[in-house]
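Peer 1: Structure incoming, see below.
2 protein chains.
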Amino acid sequence: MKKNFTVHTTEDVPGLGMVGGFKVAGAACDIRNKNDLKRLDVALIVSETPATGAGVFTTNDVKAAPVLTDMAHLSRSEKIKAIVANSGNANACNGERGMADAMAMCKAVAELVGSKPEQVLVCSTGRIGEFLPMQKIEKGVKDAFEKLSDSEEQSRNAAAAILTSDTRPKTVLVKVEFAGKTITLAGMGKGAGMIEPNMATMLAFIACDASISQKLLKECLRFAANKTFNRITIDGDMSTNDTVLCLCNGSSGVDVDESDAAAIEAFKAGLLEVCRILARKMVSDGEKITKVIEVKVTGARDEEQAEKICRAIGNSLLVKSSWFGGDPNWGRLADAAGYARTGLDFSKFDLFYNDTAVLKGGEQVVENKDEWRRIVSNKTFTITINLNQGSAEEVILSTDLTDGYVNFNKGE
Amino acid sequence: MKKNFTVHTTEDVPGLGMVGGFKVAGAACDIRNKNDLKRLDVALIVSETPATGAGVFTTNDVKAAPVLTDMAHLSRSEKIKAIVANSGNANACNGERGMADAMAMCKAVAELVGSKPEQVLVCSTGRIGEFLPMQKIEKGVKDAFEKLSDSEEQSRNAAAAILTSDTRPKTVLVKVEFAGKTITLAGMGKGAGMIEPNMATMLAFIACDASISQKLLKECLRFAANKTFNRITIDGDMSTNDTVLCLCNGSSGVDVDESDAAAIEAFKAGLLEVCRILARKMVSDGEKITKVIEVKVTGARDEEQAEKICRAIGNSLLVKSSWFGGDPNWGRLADAAGYARTGLDFSKFDLFYNDTAVLKGGEQVVENKDEWRRIVSNKTFTITINLNQGSAEEVILSTDLTDGYVNFNKGE
Chain A
672 MKKNFTVHTT
682 EDVPGLGMVG
692 GFKVAGAACD
702 IRNKNDLKRL
712 DVALIVSETP
722 ATGAGVFTTN
732 DVKAAPVLTD
742 MAHLSRSEKI
752 KAIVANSGNA
762 NACNGERGMA
772 DAMAMCKAVA
782 ELVGSKPEQV
792 LVCSTGRIGE
802 FLPMQKIEKG
812 VKDAFEKLSD
822 SEEQSRNAAA
832 AILTSDTRPK
842 TVLVKVEFAG
852 KTITLAGMGK
862 GAGMIEPNMA
872 TMLAFIACDA
882 SISQKLLKEC
892 LRFAANKTFN
902 RITIDGDMST
912 NDTVLCLCNG
922 SSGVDVDESD
932 AAAIEAFKAG
942 LLEVCRILAR
952 KMVSDGEKIT
962 KVIEVKVTGA
972 RDEEQAEKIC
982 RAIGNSLLVK
992 SSWFGGDPNW
1002 GRLADAAGYA
1012 RTGLDFSKFD
1022 LFYNDTAVLK
1032 GGEQVVENKD
1042 EWRRIVSNKT
1052 FTITINLNQG
1062 SAEEVILSTD
1072 LTDGYVNFNK
1082 GE
Chain B
672 MKKNFTVHTT
682 EDVPGLGMVG
692 GFKVAGAACD
702 IRNKNDLKRL
712 DVALIVSETP
722 ATGAGVFTTN
732 DVKAAPVLTD
742 MAHLSRSEKI
752 KAIVANSGNA
762 NACNGERGMA
772 DAMAMCKAVA
782 ELVGSKPEQV
792 LVCSTGRIGE
802 FLPMQKIEKG
812 VKDAFEKLSD
822 SEEQSRNAAA
832 AILTSDTRPK
842 TVLVKVEFAG
852 KTITLAGMGK
862 GAGMIEPNMA
872 TMLAFIACDA
882 SISQKLLKEC
892 LRFAANKTFN
902 RITIDGDMST
912 NDTVLCLCNG
922 SSGVDVDESD
932 AAAIEAFKAG
942 LLEVCRILAR
952 KMVSDGEKIT
962 KVIEVKVTGA
972 RDEEQAEKIC
982 RAIGNSLLVK
992 SSWFGGDPNW
1002 GRLADAAGYA
1012 RTGLDFSKFD
1022 LFYNDTAVLK
1032 GGEQVVENKD
1042 EWRRIVSNKT
1052 FTITINLNQG
1062 SAEEVILSTD
1072 LTDGYVNFNK
1082 GE
């Protein structure tokens, strides 16, 4: 299929201020209560004209207050004026007071930007089960508002303010050209590793200058998140706060109309690219990991079979431990693929490290043994399984499991 | 309900030779190819009169050759004369030659004990993807046959011969008295941790002196295994070789007839007790673990909900890491319970360490904080969650996740 668009990706850019009509800032208000006003912990993203908003949220039964608040705000189908986020405290498992605090954050922003509180979205990440220090946060929000800018500095500050155990900020800029028009999208995110030492939260915020209906944006965002953020695994845990938000303010004048298939295709590709890069950055910065492994299952009866096997392998402690040791242990891979219980036929099972065959029809290709070892000693490699049972495929990104992860997360 | 039977349990007994009409032995034939004829690696269990046999097997799509062989043999509904088992090699993922080797082990035993090969069951545990050293094994089988005895020494040798990364043998003796009769059951098992360094296999063999139909034995064994071996988790991985076998030879003259509810109840209780003790011993000897934790969910809508939440908690890397550190991290427990996605209501969520309340209706009982810490620093404790949504409950046994586990399993 010929693509009628081109995607240009730039990594390691400042952040969301690079998209027309968006101003951002990061501020520090010592949410962690460490007398540290250098560590940024409040991020503010404001669209000059109210934007179409959509979100994808954790499916955990235990949803943090900001998640419930955003779901309610987006369900009103009003335009969104701003996103406010804090790190250091997840505002999760805090009952009614947690809900009131999340709403108070929205109100504080709404008063400053001149919108209804329901036109503000809120995210929190950090410790669970502790109330937000609201006085500090309100001060942080005011500081951030005063600093709002499209400068590189404030873009970087916003991207830094949402980090927890991440070792580096995660940003990306994508431009999609189609039919003589250009859509610009920028994203910032924080990673899916455990946090300080309580929660594993994944946050991603995306700003875009196209105009689009909320319904269509939601569909596209769900599609992109499912193919990217839902295809990464570090520890298999899913947090109470995981959130992906996208705002489209139309400042480019480019309209992604429901009747314009070419525009939709281009927009979707751009959104997918932003999510793909952020997801990869999250995995690569997973807690104390040393390797990033792509697990690909092809030749499956259907995508469900392929996905189940990808996840069984990507979440197996034995497999992940062997990656840490650089051990080309195909037995554990076959075992994990088998306990996904999808009805695989081992006599048709092909397995490759990168392009090097390990198993063909369930039998070892022993002459490649030295090459397996060489590949598995690398920092990144691909494991491909061909089930030879159909034509569906899936891929996920996973990491090794290290003694460092266990010690980092053992707490007190 | 009044029980019409009493169960007497003795742990740390020699093994299966203690049951009337069974002879056992352990032999060494250097399957690991380490010029070590001290390490026992072949176990033989023979019933003087052919016995009713039943098995419960791994549900992994990739089943090892001995598993497939035993399933075929048991499906013939013939009486079983013997079980032969080896450690050091799993005979898994070995294609047709693996199947032929498993059958050859049965034949070797059958010739010695005077039965059909189909009346012999076979188990293997150890390395995956390597062919069995059949000459050595045939020699080991002959040695074991010559040593067959009901002596303590050979009972202990048989229990030792199936071990891999286990640090100690696992045996139990159970006597059930009812209506003036006594049924004796003995069990031996090996643990569910990764093996040498390729597979996590759980094996359990049970000998009993009652007589019973194969259909009823199968039902009772399935029930008991499901409540015990299927309720333990160390790393969540399930092997290609997991097998539980039970032989009932009727030597006691006690008949567990399908029409005799009291006898069935007593037999079931005895079998459950054997499996329960073996399962607990397997968990307690899990690879490099330091703690055994009972996770109990009560007040569930149904058993499925309770079990899903038990498993999400018992398999969470973050939860297991926090246990290792002695950190009473209820946030991770609530998070894991939530991502089981069973529709739990966090505002009704009660959580206890032993009998000490941590959460009541989703809110912290902060005054107990010091006590939480004290309990979680113990080598064993119980976590109880009351969902307050119904009356169903489930329990599983889990362990902590240690840096030692990761380093032990990282391979090369």
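So the protein lines, in turn, are chains A and B. All letters in the first sequence, in the order written, are residues 672 to 1083 by this note's numbering. All letters in the second sequence, in the order written, are residues 672 to 1083 by this note's numbering. Every residue, glycine too, gets a C-beta built ideally from N, C-alpha and C.
Does the beta carbon of residue 1077 of chain B sit closer than 8 Å to a beta carbon anywhere in chain A?
Peer 2: Here residue 1077 of chain B is taken as the residue at index 406 of the second sequence, counted from 1. Yes - at least one Cβ of chain A is within 8 Å of the one on residue 1077 of chain B.
Peer 1: List, in chain order, every chain A residue whose beta-carbon is nearer than 7 Å to that of residue 1074 of chain B.
Peer 2: Position 403 of the second sequence, counted from the start, is the residue given in the question as residue 1074 of chain B. Residues of chain A passing the Cβ test: 1074, 1077 and 1078.
Peer 1: For the segment 1006-1022 of chain B, list every residue whose C-beta sits within 9 Å of some C-beta in chain A, in sequence order.
Peer 2: Result list: 1006, 1007, 1008, 1009, 1010, 1011, 1012, 1013, 1014, 1015, 1016, 1017, 1018 and 1020.
Peer 1: Out of curiosity, what's the CA-to-CA distance linking residue 984 of chain A and residue 725 of chain B?
Peer 2: If you number the first sequence from 1, residue 984 of chain A lands on position 313. If you number the second sequence from 1, residue 725 of chain B lands on position 54. If I take the Cα positions, the gap works out to 31 Å.
Peer 1: Based on the DSSP secondary-structure assignment, which residues constitute the bridge partners of residue 856 of chain B?
Peer 2: The count along the second sequence starts at 1 and reaches residue 856 of chain B at position 185. In the DSSP assignment, residue 856 of chain B forms a beta bridge with B/845 and B/879.
Peer 1: Using a cut-off of 9 Å between C-beta atoms, extract the partners of residue 1001 of chain B located in chain A.
Peer 2: Here residue 1001 of chain B corresponds to residue number 330 of the second sequence, with the count starting at 1. In chain order: 764, 799 and 800.
Peer 1: Classify residue 1015 of chain B as helix, strand or coil using the three-state DSSP reduction.
Peer 2: Position 344 of the second sequence, counted from the start, is the residue given in the question as residue 1015 of chain B. Three-state DSSP puts residue 1015 of chain B in coil, outside helix and strand.
Peer 1: How about residue 989 of chain A: is its Cβ closer than 7 Å to a heavy atom in the ligand ZN?
Peer 2: This structure lacks the ligand ZN; in fact it carries no ligand of any kind.
Peer 1: In terms of alpha-carbon separation, which member of A/678, A/1029 and A/729 lies closest to residue 912 of chain A?
Peer 2: Within the first sequence, residue 912 of chain A is the residue found at index 241, counting from 1. Of the candidates A/678, A/1029 and A/729, the one whose C-alpha sits nearest the C-alpha of residue 912 of chain A is A/729.
Peer 1: With three or more beta-carbon pairs closer than 8 Å as the criterion, would you say the segment 873-892 of chain A touches the segment 938-950 of chain A?
Peer 2: yes
Peer 1: Which one or two residues does DSSP pair with residue 759 of chain B in a beta bridge?
Peer 2: The sequence position of residue 759 of chain B within the second sequence is 88, counting from 1. Beta-bridge pairing links residue 759 of chain B to B/797.
Peer 1: With DSSP as the reference, label residue 1074 of chain A as helix, strand or coil.
Peer 2: In the first sequence, the residue the question calls residue 1074 of chain A occupies position 403. If DSSP states are grouped into helix, strand and coil, residue 1074 of chain A belongs with the helices.
Peer 1: Beta-carbon of residue 784 of chain A versus every beta-carbon of chain B: anything under 8 Å?
Peer 2: Residue numbering aside, residue 784 of chain A sits at position 113 when the first sequence is read from its first letter. For residue 784 of chain A, the answer is no, since every Cβ of chain B falls outside 8 Å of its Cβ.
Peer 1: State the CB to CB distance for the pair residue 1071 of chain A and residue 960 of chain A, rounded to an integer number of angstroms; the pair is presumed to be in contact (CB under 8 Å).
Peer 2: By one-based count along the first sequence, residue 1071 of chain A stands at place 400. By one-based count along the first sequence, residue 960 of chain A stands at place 289. Confirmed, Cβ separation roughly 6 Å.
Peer 1: Between the alpha carbons of residue 888 of chain A and residue 859 of chain B, how many angstroms are there, rounded?
Peer 2: The count along the first sequence starts at 1 and reaches residue 888 of chain A at position 217. The count along the second sequence starts at 1 and reaches residue 859 of chain B at position 188. In a straight line, the C-alpha of residue 888 of chain A is about 60 Å away from that of residue 859 of chain B.
Peer 1: Spell out whether any CB of chain B is found under 8 Å from the CB atom of residue 738 of chain A.
Peer 2: What you label residue 738 of chain A is simply residue 67 of the first sequence in a count that begins at 1. False, the Cβ-Cβ gap to chain B never drops below 8 Å.
Peer 1: Below 7 Å between beta carbons is the criterion; list the residues of the segment 973-995 of chain B that meet it against any residue of chain A, in chain order.
Peer 2: Cβ contacts with chain A: 987, 988, 989, 992, 993 and 995.
Peer 1: For residue 746 of chain B, count the other beta carbons within 10 Å of its own beta carbon; 16 or more makes it buried, fewer makes it exposed. Which is it?
Peer 2: Counted from its first residue, the second sequence places residue 746 of chain B at position 75. Exposed is the call here.
Peer 1: Identify whether residue 1046 of chain B lies in helix, strand or coil by the three-state DSSP scheme.
Peer 2: As a first step, residue 1046 of chain B is located in the second sequence; it is residue number 375 there, counting from the start. Three-state DSSP puts residue 1046 of chain B in a helix.
Peer 1: For the structure I just gave you, are there three or more beta carbon pairs, one from the segment 740-757 of chain A and one from the segment 951-960 of chain A, closer than 8 Å?
Peer 2: The segment 740-757 of chain A makes no contact with the segment 951-960 of chain A: fewer than 3 CB pairs, one atom from each, lie closer than 8 Å.
Peer 1: Can you give, in chain order, each stretch of the beta strand (DSSP E) that sits fully within the segment 960-1031 of chain A and has at least 3 residues?
Peer 2: 963-971, 1021-1024 and 1027-1031
Peer 1: Along the chain, where does the alpha helix (DSSP H) that runs through residue 719 of chain A open and close?
Peer 2: For the purposes of this step, residue 719 of chain A is identified with residue 48 of the first sequence, where counting begins at 1. That residue, residue 719 of chain A, is in no alpha helix (DSSP H); its beta strand (DSSP E) goes 713-728.
Peer 1: What's the gap between the Cα of residue 819 of chain A and the Cα of residue 981 of chain A?
Peer 2: For the purposes of this step, residue 819 of chain A is taken as the residue at position 148 of the first sequence. For the purposes of this step, residue 981 of chain A is taken as the residue at position 310 of the first sequence. Answer to the nearest angstrom: the Cα atoms are 43 Å apart.
Peer 1: Residue range of the alpha helix (DSSP H) that residue 682 of chain A falls in?
Peer 2: Within the first sequence, residue 682 of chain A is the residue found at index 11, counting from 1. DSSP places residue 682 of chain A outside any alpha helix (DSSP H); the residue lies instead in the beta strand (DSSP E), whose first and last residues are 676-682.
Peer 1: At a Cβ threshold of 8 Å, is residue 787 of chain B touching chain A?
Peer 2: Mapped onto the second sequence, residue 787 of chain B falls at position 116. Cβ-Cβ to chain A under 8 Å: no for residue 787 of chain B.
Peer 1: Quick one, which residues of the segment 718-732 of chain A are near chain B if we go by CB-CB under 9 Å, in chain order?
Peer 2: If you check each beta-carbon in the segment 718-732 of chain A against every beta-carbon of chain B, the ones closer than 9 Å belong to 729, 730, 731 and 732.
Peer 1: Name the two residues that bound the continuous alpha helix (DSSP H) containing residue 948 of chain B.
Peer 2: Along the second sequence, one-based indexing puts residue 948 of chain B at 277. Start and end: 932-955.
Peer 1: Count the CB pairs spanning the segment 831-846 of chain B and the segment 689-703 of chain B that are closer than 8 Å, and state whether there are at least three.
Peer 2: These segments touch.
Peer 1: Expressed to the nearest angstrom, what Euclidean distance is found between the alpha-carbon atoms of residue 736 of chain A and residue 893 of chain B?
Peer 2: As a first step, residue 736 of chain A must be located in the first sequence, where it is residue number 65. As a first step, residue 893 of chain B must be located in the second sequence, where it is residue number 222. Those two C-alpha atoms are separated by around 44 Å.
Peer 1: Tell me, please, whether the segment 841-858 of chain A touches the segment 776-786 of chain A by the rule of three or more beta-carbon pairs shorter than 8 Å.
Peer 2: no
Peer 1: Grab the span of the alpha helix (DSSP H) containing residue 1166 of chain A for me, first residue to last.
Peer 2: Past the boundaries of the shown model lies residue 1166 of chain A; chain A is included only from 672 to 1083, so the question cannot be answered.
Peer 1: Could you give the first and the last residue of the continuous beta strand (DSSP E) run that contains residue 918 of chain B?
Peer 2: Within the second sequence, residue 918 of chain B is the residue found at index 247, counting from 1. Here the beta strand (DSSP E) through residue 918 of chain B covers 914-919.
Peer 1: Excluding the 5 residues preceding and the 5 following residue 805 of chain B in the sequence, name in chain order all residues of the same chain whose CB lies nearer than 7 Å to its CB.
Peer 2: Translated into the one-based positions of the second sequence, residue 805 of chain B becomes position 134. These residues qualify, in order along the chain: 772 and 775.
Peer 1: Determine contact between the segment 1027-1047 of chain A and the segment 920-933 of chain A, defined as no fewer than three beta-carbon pairs at a distance below 8 Å.
Peer 2: No contact exists between the segment 1027-1047 of chain A and the segment 920-933 of chain A.
Peer 1: Flag residue 909 of chain B as yes if its beta-carbon sits less than 8 Å from any beta-carbon of chain A, otherwise no.
Peer 2: Position 238 of the second sequence, counted from the start, is the residue given in the question as residue 909 of chain B. At least one chain A Cβ lies under 8 Å of residue 909 of chain B.
Peer 1: Interface residues of chain A around residue 1033 of chain B at Cβ under 7 Å?
Peer 2: Residue numbering aside, residue 1033 of chain B sits at position 362 when the second sequence is read from its first letter. The contacting residues are 764 and 766.
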